[in-house]
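These notes are about the structure you will find just below.
Number of protein chains: 2
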Amino acid sequence: MLARWGDVARGVGDDAAVLDVPAGERLVVSTDASVEGVHFRRGWLTPAEVGWRATTAALSDLAAMGARPLAVVWAAAVPPDWQADLPALADGVGDAVRDVGGHIVGGDLTAGTELSLTLTVLGSARAPVTRAGARPGDTLYVTGALGGPLRALRVWQRGAEPAPLDRERFARPRARVAAGRWLSAHGATALIDVSDGLAADLAHVAAASGVRCELHLAQVPCVAGATPLDALQSGEEYELLSAAPPDVDVLRCERDTGVRLTPIGRVTALDPGAEPEVVVRDAAGRRVDLPPGHDHFSRAC
Amino acid sequence: MLARWGDVARGVGDDAAVLDVPAGERLVVSTDASVEGVHFRRGWLTPAEVGWRATTAALSDLAAMGARPLAVVWAAAVPPDWQADLPALADGVGDAVRDVGGHIVGGDLTAGTELSLTLTVLGSARAPVTRAGARPGDTLYVTGALGGPLRALRVWQRGAEPAPLDRERFARPRARVAAGRWLSAHGATALIDVSDGLAADLAHVAAASGVRCELHLAQVPCVAGATPLDALQSGEEYELLSAAPPDVDVLRCERDTGVRLTPIGRVTALDPGAEPEVVVRDAAGRRVDLPPGHDHFSRAC
């Protein structure tokens, strides 16, 4: 594995890895598990894609803090029928880390009856951006275009093969590290990655920030073929949702990071005594009911 | 879970946790997975013990670097028949962290078909101690007394219930954080925790340090009923093995940390062209053949 990873691996082989956090920066850490039969089915993805996707899901949490990756440790429970695929899985992990920077510094391999990958990622930022800072007057932005993973899942679930672009969005998501750092440097007050679905993740921002978030359905960027409601419900997008000043230069963001940034709504103050909420409006200004949230114990597969 | 953990949990609820590493210290990180049917069987341990043991296994890697714990993140794949035990599992995780210090700062819960806990631990030390620094002339020391986990496993494997003290060594090991820091402060040149078995872990030190390690079988501290050969083979002890100067004050270590420290052998130089090795000698000075090592893909259960 170390040979396959080459220079993306570093210092693997002691009880623990030793790292230095850049002076003046804070450490950011997150852990994320991907379980066969829960997060993916074997027939859907190649082993390299399984490794890439599990790793990107974790790295996305660093992007969502405006942090840059320093190090990744992985734990894998590997059933006998996956052991031959371990090199390809490891390639996927290594490629995903190489895509955003940082090093693989340790891991733990054990037997198991289902493939389970747990990626823990460490990053750093001078001032990490949480979900809790959205302020009335901010604009809501999202990176990329949404709906692909949901479209891919639906097709797989009925036993067919998704369209290549939808499949790619599910199998090879990108951790938006550059966009997260760009947003952090350009006044982002709140950041979160779209893992539960845009509507559910926006609700997390509203609750953490104590605000009301108004989402304009017609402005939500959708992949070809996806409806705006698909885009609201599609989870595991690993795009970033941000609250930031209204004057953020979205074209400059795209030029600097290669990632499209779209204004999709605004943050407003809560009425006295009101609970934080998300209000979705259609093009005519009518409220649209939100789909139910994602249950972490439910099986996507 | 947060309510159960009380003040041992901190800052859980954003995409990632934010931490500060004490100035002048280096960050130490390790990850460790515990899988039902691989590392334990359900009938052997209470849910709280499963959580404790999985967490201690990870924290032990910090002890083995001479580091003190800062933070723990956990990922759990939880099958339906374990969901009711989740609070007790979480108690075990929380109690193990409380035992050595540090905070639980994040986690990820998913469904699964077998219980799998992955604990990632972060700690810090001014000068972490690796396995690679053992020098000819050093004495080898081990904490505690060995053999209990192997004795417990053997009894469980034939369907009986182990003696309470053996069971306790398997179910409630302690991460030797205080002893690891003490050894680091008193000249330890190499540290490793006994997870694969004393003989196998000593071989890791010999290989990493490029030395020969001589182990005196009669000096290996054994739990009641265990033979020295049991003690050599017993894995998942989570005691510490250290190379350090011969004049380490073992009584003072016990007074300062509450943990017994026993000299068990010495480090010698390799002959020119010789490979690093472990030589085990009985009381009469005869070489004893080493038992075979631990296979990470084999099932203990």
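Protein sequences appear in the order of chains A and B. Basically this note's numbering = 1-based index in the first sequence + 2. Basically this note's numbering = 1-based index in the second sequence + 2. Backbone N, C-alpha and C define an ideal beta-carbon position, used for all residues, glycine too. Model, not experiment: these values are computed from the prediction.
(request) Return no unless some Cβ of chain B is closer than 8 angstroms to the Cβ of Glu116 (chain A). (result) Stepping through the first sequence from its first residue, residue 116 (chain A) is reached at position 114. Against chain B, the CB of Glu116 (chain A) has a partner CB under 8 angstroms away; the residue lies at that interface.
(message) For chain A, check one thing: does any of its Cβ atoms lie closer than 8 angstroms to the Cβ of Ala77 (chain B)?
(response) Sequence index remark: in the second sequence, residue 77 (chain B) carries index 75 (1-based). With 8 angstroms as the cut-off, Ala77 (chain B) counts as an interface residue toward chain A.
(message) Any contact between the region 117-125 of chain A and the region 73-90 of chain A? By contact I mean 3 or more CB pairs, one from each, below 8 angstroms.
(response) They touch, by the three-pair rule.
(message) According to DSSP, is Thr48 (chain B) part of a helix, a strand, or is it coil?
(response) Indexing the second sequence from 1 puts residue 48 (chain B) at position 46. Thr48 (chain B): coil per DSSP, three-state reduction.
(message) Taking only three categories from DSSP, how would you classify Thr270 (chain B)?
(response) Within the second sequence, numbered from 1, the residue matching residue 270 (chain B) stands at position 268. If DSSP states are grouped into helix, strand and coil, Thr270 (chain B) belongs with the strands.
(message) Which of the three DSSP states is assigned to Ala205 (chain B) in this structure?
(response) Here the question's residue 205 (chain B) lines up with position 203 in the second sequence. Here Ala205 (chain B) sits in helix by DSSP.
(message) I need the DSSP call for Ser300 (chain A), collapsed to helix, strand or coil.
(response) For the purposes of this step, residue 300 (chain A) is taken as residue 298 along the first sequence, with counting starting at 1. Since pLDDT at Ser300 (chain A) reaches only 44, below the 50 mark, its modelled position is unreliable, and the value read off the structure follows with that caveat. Looking at Ser300 (chain A) - three-state DSSP - the assignment turns out to be coil, as it is neither helix nor strand.
(request) Measure the alpha-carbon distance for Ala180 (chain A) versus Arg44 (chain B) and round it to whole angstroms. (result) For this step, residue 180 (chain A) is matched to residue 178 along the first sequence. For this step, residue 44 (chain B) is matched to residue 42 along the second sequence. Each residue's Cα considered, the two are about 44 angstroms apart.
(request) With 7 angstroms as the C-beta to C-beta threshold (strictly closer), list the residues of the region 18-40 of chain A near chain B in chain order. (result) Hits within the stretch, in order: Ala18, Ala19, Val20, Leu21, Asp22, Val23, Arg28, Leu29, Val30, Val31, Ser32, Thr33, Asp34, Ala35, Val37, Gly39, Val40.
(message) For Arg70 (chain A), report the span of its beta strand (DSSP E) as first-last.
(response) Numbered from its first residue, the first sequence carries residue 70 (chain A) at position 68. Start and end: 70-80.
(message) What residue range does the alpha helix (DSSP H) around Glu145 (chain B) cover?
(response) In the second sequence, the residue the question calls residue 145 (chain B) occupies position 143. Before going on, a small fix: residue 145 (chain B) reads as Thr here, not Glu. Where Thr145 (chain B) is concerned, there is no enclosing alpha helix (DSSP H), although the beta strand (DSSP E) it sits in stretches over 141-145.
(request) Using 10 angstroms around the beta-carbon of Asp34 (chain A), count the other beta-carbons present and answer buried if the total reaches 16, otherwise exposed. (result) Reading the first sequence from its first residue, position 32 is the one you call residue 34 (chain A). Counting Cβ neighbours within 10 Å, Asp34 (chain A) comes out buried, since at least 16 surround it.
(request) Determine whether the Cβ of Asp195 (chain B) lies closer than 8 angstroms to any Cβ atom of chain A. (result) Position 193 of the second sequence holds residue 195 (chain B). Contacts with chain A at 8 angstroms (Cβ-Cβ) include Asp195 (chain B).
(request) Check Ala11 (chain A) in the structure and name its three-state DSSP category. (result) For the purposes of this step, residue 11 (chain A) is taken as the residue at position 9 of the first sequence. Strand.
(request) Taking Arg257 (chain B) as part of the alpha helix (DSSP H), name the residues at either end of that continuous run. (result) The residue labelled residue 257 (chain B) in the question sits at position 255 within the second sequence. Segment 252-259, the alpha helix (DSSP H) holding Arg257 (chain B).
(message) Can you tell me whether Pro166 (chain B) is buried or exposed? The criterion is at least 16 other CB atoms within 10 Å of its CB, across all chains shown.
(response) What you label residue 166 (chain B) is simply residue 164 of the second sequence in a count that begins at 1. Exposed, by the Cβ-count rule.
(message) Whether or not the region 129-145 of chain A and the region 204-220 of chain A are in contact is what I'm after, with contact meaning three or more pairs of Cβ atoms, one per stretch, closer than 8 angstroms; do they touch?
(response) Flag = yes, the region 204-220 of chain A and the region 129-145 of chain A touch.
(request) Output, in chain order, the set of chain B residues within a Cβ distance shorter than 9 angstroms of Arg133 (chain A). (result) Residue 133 (chain A) sits at position 131 when you count from the first residue of the first sequence. Correct list: Gly15, Asp16, Asp17.
(request) Would you mind sorting Gly275 (chain A) into buried or exposed? The rule is 16 or more other CB atoms within 10 Å of its CB. (result) Counted from its first residue, the first sequence places residue 275 (chain A) at position 273. By the neighbour-count criterion, in which 16 or more other beta carbons inside 10 Å mark a residue as buried, Gly275 (chain A) falls on the exposed side.
(request) Pick helix, strand or coil for Leu185 (chain B), following the three-state DSSP scheme. (result) Counting from 1 along the second sequence, the entry for residue 185 (chain B) is found at position 183. Leu185 (chain B): helix per DSSP, three-state reduction.
(message) Tell me the rounded alpha-carbon separation between Val107 (chain A) and Thr141 (chain B).
(response) The residue labelled residue 107 (chain A) in the question sits at position 105 within the first sequence. The residue labelled residue 141 (chain B) in the question sits at position 139 within the second sequence. About 30 angstroms.
(request) Verify the contact flag: Ala25 (chain A), CB atom, against every heavy atom of the ligand NAD, threshold strictly below 7 angstroms. (result) Of ligands this structure carries none, so the ligand NAD is not represented either.
(request) Can you tell me the Cβ-Cβ gap for Ala201 (chain B) and Pro278 (chain B), rounded? I've got them flagged as a contact below 8 angstroms. (result) Numbered from 1 along the second sequence, position 199 holds the residue referred to as residue 201 (chain B). Numbered from 1 along the second sequence, position 276 holds the residue referred to as residue 278 (chain B). Going by Cβ atoms, the distance from Ala201 (chain B) to Pro278 (chain B) rounds to 14 angstroms, so no, they are not a contact pair.
(request) Within 10 angstroms of the Cβ of Gly287 (chain B), are there 16 or more other Cβ atoms? Answer buried if so, exposed if not. (result) As a working note, residue 287 (chain B) is residue 285 in the second sequence. Exposed, since its Cβ has fewer than 16 Cβ neighbours within 10 Å.
(request) Grab me the residues of Arg301 (chain B)'s own chain with a C-beta within less than 8 angstroms of its C-beta, minus the 5 sequence neighbours each way, in chain order. (result) Reading the second sequence from its first residue, position 299 is the one you call residue 301 (chain B). Note that Arg301 (chain B) scores 48 on pLDDT, short of 50, meaning its location in the model is unreliable; the coordinates nonetheless yield the value given after this. Cβ within range, chain order: Gly39, Val40.
(request) Could you give the DSSP three-state label for Pro247 (chain A): helix, strand or coil? (result) Working through the first sequence from its first residue, we reach residue 247 (chain A) at position 245. Assigned with DSSP and collapsed to three states, Pro247 (chain A) falls in coil, not helix or strand.
(message) Is there a C-beta anywhere in chain A that falls below 8 angstroms from the one on Gly108 (chain B)?
(response) Within the second sequence, the letter at position 106 stands for residue 108 (chain B). At least one chain A Cβ lies under 8 angstroms of Gly108 (chain B).
(message) Just to confirm, is the Cβ distance from Asp198 (chain B) to Leu242 (chain B) under 8 angstroms?
(response) Translated into the one-based positions of the second sequence, residue 198 (chain B) becomes position 196. Translated into the one-based positions of the second sequence, residue 242 (chain B) becomes position 240. Going by C-beta atoms, Asp198 (chain B) is not nearer than 8 angstroms to Leu242 (chain B).
(message) Please report the straight-line C-alpha distance between Ala144 (chain A) and Asp16 (chain A), rounded to a whole angstrom.
(response) Start at 1 with the first residue of the first sequence, and residue 144 (chain A) comes out as number 142. Start at 1 with the first residue of the first sequence, and residue 16 (chain A) comes out as number 14. A small fix is needed here, since residue 144 (chain A) is Val in this sequence, not Ala. Distance between the alpha carbons of Val144 (chain A) and Asp16 (chain A) is about 41 angstroms.
(message) Contact criterion: CB-CB distance below 8 angstroms. Does Thr58 (chain B) meet it with respect to chain A?
(response) Here residue 58 (chain B) corresponds to residue number 56 of the second sequence, with the count starting at 1. So, not an interface residue.
(message) Just to check my reading of the structure: Asp284 (chain B) and Ala220 (chain B) have Cβ atoms closer than 8 angstroms, yes? What is that Cβ distance to the nearest angstrom?
(response) Residue 284 (chain B) sits at position 282 when you count from the first residue of the second sequence. Residue 220 (chain B) sits at position 218 when you count from the first residue of the second sequence. With a Cβ gap of about 7 angstroms, Asp284 (chain B) and Ala220 (chain B) count as contacting.
(request) For Pro24 (chain B), count neighbouring C-beta atoms within 10 Å of its own C-beta (all shown protein chains included) and say buried if the count is 16 or more, exposed if not. (result) Taking the second sequence and counting its residues from 1, the one referred to as residue 24 (chain B) is at position 22. With fewer than 16 Cβ atoms within 10 Å of its Cβ, Pro24 (chain B) is classed as exposed.
(request) Could you name the residues that DSSP lists as bridge partners for His218 (chain B)? (result) Along the second sequence, read from residue 1 onward, the residue named residue 218 (chain B) stands at position 216. Under DSSP, the beta-bridge partners assigned to His218 (chain B) are B:Arg283.
(request) Kindly confirm or deny that the region 245-259 of chain A and the region 150-170 of chain A touch, where touching means at least three C-beta pairs closer than 8 angstroms. (result) Pairwise C-beta distances place the region 245-259 of chain A out of contact with the region 150-170 of chain A, as fewer than three of them are shorter than 8 angstroms.
(message) Is the beta carbon of Gly109 (chain A) closer than 8 angstroms to that of Ala59 (chain A)?
(response) Numbered from its first residue, the first sequence carries residue 59 (chain A) at position 57. Numbered from its first residue, the first sequence carries residue 109 (chain A) at position 107. No, the Cβ-Cβ distance between Ala59 (chain A) and Gly109 (chain A) is not below 8 angstroms.
(request) Report yes or no: is there a C-beta of chain A within less than 8 angstroms of the C-beta of Thr122 (chain B)? (result) Sequence index remark: in the second sequence, residue 122 (chain B) carries index 120 (1-based). It does; some Cβ of chain A falls within 8 angstroms.
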